[in-house]
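Chains as they are written, first to last, in the numbering used here: chain Y, 2 to 258; chain A, 1043 to 1367.
Just so it is clear, CB atoms sit at the ideal spot from N, CA and C, and this is done for glycine as well.
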Amino acid sequence: MNIFVLVKRTFDTEEKIVIANGKIQDDGAEYIINPYDEYAIEEAIQLRDANSGKVTVVTIGGEDAEKQLRTALAMGADEAVLINTEDDLDELDQYSTAVILAEYLKDKEVDLILAGNVAIDGGTGQVGPRVADLLGINYVTTITDLEIDGTNVKIVRDIEGDSEVIETSLPLLVTAQQGLNEPRYPSLPGIMKAKKKPLAELELDDLDIDEDDVEVKVETVDVYLPPQKAAGRVLEGELADQVKELVNLLHSEAKVV
Amino acid sequence: MANKVLVLGEVRDGVLRNVSFEAIAAAKQIADGAEVVGVLLGDSVTSLASELIAYGADRVVTVEHPHLKSYTSDGFSQAFLAVYEEEKPEAIVFGHTSLGKDLSPKIASKLQSGLISDVTEIEGSGEGALFIRPIYSGKAFEKVKIKDGIVFVTIRPNNIAPLEKDASRTGEVATLAVDIQNLRTIIKEVVRKASTGVDLSEAKVVVAGGRGVKSAEGFEPLQQLADVLGGAVGASRGACDADYCDYSLQIGQTGKVVTPDLYIACGISGAIQHLAGMSNSKVIVAINKDPEANIFKVADYGIVGDLFEVVPMLVEEFKALKVNS
Chain Y
2 MNIFVLVKRT FDTEEKIVIA NGKIQDDGAE YIINPYDEYA IEEAIQLRDA NSGKVTVVTI
62 GGEDAEKQLR TALAMGADEA VLINTEDDLD ELDQYSTAVI LAEYLKDKEV DLILAGNVAI
122 DGGTGQVGPR VADLLGINYV TTITDLEIDG TNVKIVRDIE GDSEVIETSL PLLVTAQQGL
182 NEPRYPSLPG IMKAKKKPLA ELELDDLDID EDDVEVKVET VDVYLPPQKA AGRVLEGELA
242 DQVKELVNLL HSEAKVV
Chain A
1043 MANKVLVLGE VRDGVLRNVS FEAIAAAKQI ADGAEVVGVL LGDSVTSLAS ELIAYGADRV
1103 VTVEHPHLKS YTSDGFSQAF LAVYEEEKPE AIVFGHTSLG KDLSPKIASK LQSGLISDVT
1163 EIEGSGEGAL FIRPIYSGKA FEKVKIKDGI VFVTIRPNNI APLEKDASRT GEVATLAVDI
1223 QNLRTIIKEV VRKASTGVDL SEAKVVVAGG RGVKSAEGFE PLQQLADVLG GAVGASRGAC
1283 DADYCDYSLQ IGQTGKVVTP DLYIACGISG AIQHLAGMSN SKVIVAINKD PEANIFKVAD
1343 YGIVGDLFEV VPMLVEEFKA LKVNS
């Protein structure tokens, strides 16, 4: 099976956001593979091990994203591709990201593409379905179970807490929801092997993409932090009285019940 | 100013979801006086058109087809794009729901347009409208606009107030015949797991449990409290990882981001990843045995105590309040 995984380098979930000059500051920030993409990588590795084939992880970004690709290779992916847009593009949106990925994937005879259902930074969840549409293949989002038998695919997907059981077929793009699997940590031998695995670097020229074709559709005007909340009130006294007071405050002061 | 705005009305279990009324309000603001057209897709949805009109839609276009009984991206995109071709709107609004998240990128791709997902606030109106959306799961916000082309947004449930319902409003309801074919996805079954009818992302009240809940049974008093308040139960990652509840209940940077009127955190320490998923709730109550717990820093009201003592007392007090009011 020819499997591709779309991954994104994101801030570690522990990171606090600092803004200066209308931009999010990344000096010294720790980066990780977007957590939902880890489920996608894990699922891809398990599918390859069960069906044979190859897992290629793909990301768009700068040189720094090589680290996350090496981590994916250490988990067990076979090859990695970095589409480096650092020199060509100042900004990317979901439209341009999807166009670039689809250009790369269009002649790869893909059986299955996996991605996270959302990235924890931008949080749009658009890129997976957009890529599938550009490639003309079907997609299923927020999956929690995946079974493949030949080209037949059985999927369970999460729809707001309920589960939908779906049948479809390859080629297909799926996006991973939490609960799909338990992503492995890279092993020490895995990390050693990853250093020798192929990691290709491409630029827009290599994909025959003109900068004008990937001009962003959405423009960011401002970035800011949510208003700081004033310190709350910790109630005191007998527990029963606190409970009465709380209900009273929620009813009369906060007016939410 | 947009010539016309299309709003997708979302139907679940035969009723329109609240977020659709919120989407009409958002569309009105974007339209700035221009026409707002509701769109209903399904196998039997035309009877719901008058409700969209009562909430502010000027008219409604419906597409009915047996293949639209269950949502599939293939079926719904064919139907919606047929309406789009007929109407040629300059703006589109969907709810940022499971359906909206799945369908909107496909439509945007077909239209080669930008798409602003998960909008919580709209500033200004007409062409100058700016859209505010959370990034990093609510640790920050961005203000964005569409550079050129169609204005396509999905709005997060519970953030933009719907207009007051006016049952005396009237408008045209038209049906468009569309041939729906080549569905590549077959829905075999939907397994209901959500214990109550209240959806976590749309709930006005969320009662969430963390590791302090200690077991799956420990969620029972929380469910009782949610039931009394007409809310939904959520959880921290700790509670999900410990197998006390299903991952579908998880609130946080991984998991759902919620913004209810009232969030009651029970036995949740308040890790930064959890706070990202709930700190923009309107009012936050924290119940925790540990007075140093981080959750108290974002709480409006806090009770230091054992949730298994406090929560049942709260259930009784809220019941009494209901009887008296």
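Close-in-space but distant-in-sequence residues of the same chain around residue i (CB under 8 Å, 5 per side omitted)
| i | result |
| --- | --- |
| E43 (chain Y) | M76, L181, N182, E183, P184 and R185 |
| I1293 (chain A) | L1242, V1248, A1250, G1276, A1277, S1278, V1299, V1300, H1316, G1319 and M1320 |
| D1288 (chain A) | K1235 and C1282 |
Beta-carbon neighbours of residue i, restricted to chain A and to distances below 7 Å
| i | result |
| --- | --- |
| N182 (chain Y) | Under the 7 Å cutoff, chain A gives no residues; its nearest Cβ is about 12 Å from N182 (chain Y). |
| A241 (chain Y) | M1355 |
| D122 (chain Y) | I1177 and Y1178 |
| G233 (chain Y) | F1338, A1341, D1342, Y1343 and G1344 |
| E168 (chain Y) | I1228 and K1230 |
Contacts around residue i, its chain only, beta-carbon distance under 6 Å, and the 5 residues preceding and following it disregarded
| i | result |
| --- | --- |
| I1329 (chain A) | C1308, I1345, L1349 and V1352 |
| T1217 (chain A) | T1104 |
| P130 (chain Y) | Y140 |
| T1227 (chain A) | T1114 |
| V1135 (chain A) | V1049, A1065, A1068, A1069 and V1195 |
| D1303 (chain A) | K1246 and K1324 |
Within chain A, the residues that residue i reaches when beta carbons sit closer than 9 Å
| i | result |
| --- | --- |
| I18 (chain Y) | I1177, Y1178, K1181 and A1182 |
Which of helix, strand or coil DSSP assigns to residue i
| i | result |
| --- | --- |
| T1301 (chain A) | coil |
| S1210 (chain A) | coil |
| C1282 (chain A) | helix |
| P1333 (chain A) | coil |
| V1249 (chain A) | strand |
| T1088 (chain A) | helix |
| K1 (chain Y) | The structure shown has nothing for residue 1 (chain Y), since chain Y only spans 2 to 258. |
| Y40 (chain Y) | helix |
| V1220 (chain A) | coil |
| L226 (chain Y) | coil |
| A1067 (chain A) | helix |
| D1116 (chain A) | helix |
| E1163 (chain A) | strand |
| S1151 (chain A) | helix |
| L251 (chain Y) | helix |
| R1234 (chain A) | coil |
| K1046 (chain A) | strand |
| Q178 (chain Y) | coil |
| N22 (chain Y) | coil |
| N1200 (chain A) | coil |
| R1059 (chain A) | coil |
8 Å Cβ cut-off: residues of chain Y touching residue i
| i | result |
| --- | --- |
| D1241 (chain A) | E161 and G162 |
| F1350 (chain A) | Result: empty, since nearest Cβ-Cβ is about 12 Å, beyond 8 Å. |
| F1360 (chain A) | V248 and V258 |
| D1303 (chain A) | V257 |
| I1314 (chain A) | T14, E15 and K17 |
| G1347 (chain A) | L240 and Q243 |
| K1152 (chain A) | D134 |
| S1062 (chain A) | Those do not exist, as S1062 (chain A) stays about 15 Å from chain Y at its closest Cβ, beyond 8 Å. |
Under 7 Å by beta carbon: chain Y residues contacting residue i
| i | result |
| --- | --- |
| Q1266 (chain A) | Here the premise fails: no neighbours, minimum Cβ distance about 14 Å. |
| T1162 (chain A) | The premise fails here: T1162 (chain A) is roughly 10 Å from chain Y at the closest Cβ pair, so nothing lies under 7 Å. |
| Q1292 (chain A) | Q179 |
| P1375 (chain A) | With chain A covering 1043 to 1367 only, the question about residue 1375 (chain A) has no answer from this structure. |
Sequence-distant residues of its chain with Cβ nearer than 7 Å to residue i (five each side left out)
| i | result |
| --- | --- |
| A1274 (chain A) | T1238, V1240, D1241, L1242, A1245, V1248 and A1268 |
| I312 (chain Y) | Lying outside 2 to 258, the shown extent of chain Y, residue 312 (chain Y) is not represented and no answer is given. |
| G23 (chain Y) | D223 and V224 |
| L1157 (chain A) | S1146, P1147, A1150 and F1194 |
Partner residues on chain Y for residue i, Cβ-Cβ distance less than 9 Å
| i | result |
| --- | --- |
| R1234 (chain A) | G162, D163 and S164 |
| N1322 (chain A) | P227 |
| L1172 (chain A) | V222 and D223 |
Proximal residues, the stretch 215 to 231 of chain Y versus chain A, C-beta separation under 9 Å: E216, V217, K218, V219, E220, T221, V222, D223, V224, Y225, L226, P227, K230 and A231
Would you list, in chain order, the members of the stretch 80 to 94 of chain Y that have their beta-carbon closer than 7 Å to a beta-carbon of chain A? D94
For the pair the stretch 1181 to 1192 of chain A and the stretch 1083 to 1091 of chain A, tell me if three or more CB-CB distances fall below 8 Å. no
Closer than 8 Å, Cβ to any Cβ of chain Y: which residues of the stretch 1181 to 1200 of chain A, in chain order? K1181, A1182, F1183, E1184, K1185, V1186, K1187, I1188, K1189, D1190 and G1191
Does the stretch 58 to 77 of chain Y come close enough to the stretch 1043 to 1054 of chain A that 3 or more CB-CB pairs lie under 8 Å? no
Residues within the stretch 182 to 203 of chain Y neighbouring chain A, beta-carbon criterion of under 9 Å: none
Looking at C-beta atoms only, is the number of pairs between the stretch 1326 to 1340 of chain A and the stretch 1282 to 1289 of chain A that lie closer than 8 Å three or more? no
Can you give me, in chain order, the residues of the stretch 1101 to 1115 of chain A that have a beta carbon less than 8 Å from any beta carbon in chain Y? S1115
For the stretch 112 to 141 of chain Y, which residues have a beta carbon sitting closer than 9 Å to at least one beta carbon of chain A? N118, V119, I121, D122, G123, G124, T125, G126, Q127, V128, G129, P130, R131, V132, A133, D134, L135, I138, N139, Y140 and V141
Can at least three beta-carbon pairs, one atom from the stretch 1206 to 1225 of chain A and one from the stretch 1093 to 1113 of chain A, be found at a separation below 8 Å? yes
For the stretch 27 to 53 of chain Y, which residues have a beta carbon sitting closer than 8 Å to at least one beta carbon of chain A? P36 and Y37
Can at least three beta-carbon pairs, one atom from the stretch 116 to 130 of chain Y and one from the stretch 146 to 156 of chain Y, be found at a separation below 8 Å? no
At a cut of 8 Å, does the stretch 43 to 53 of chain Y reach the stretch 70 to 88 of chain Y through at least three beta carbon pairs? yes
Where the stretch 146 to 158 of chain Y meets chain A: residues whose CB sits under 7 Å from a CB there: none
Are the stretch 82 to 94 of chain Y and the stretch 199 to 208 of chain Y touching by the rule of at least three beta carbon pairs closer than 8 Å? yes
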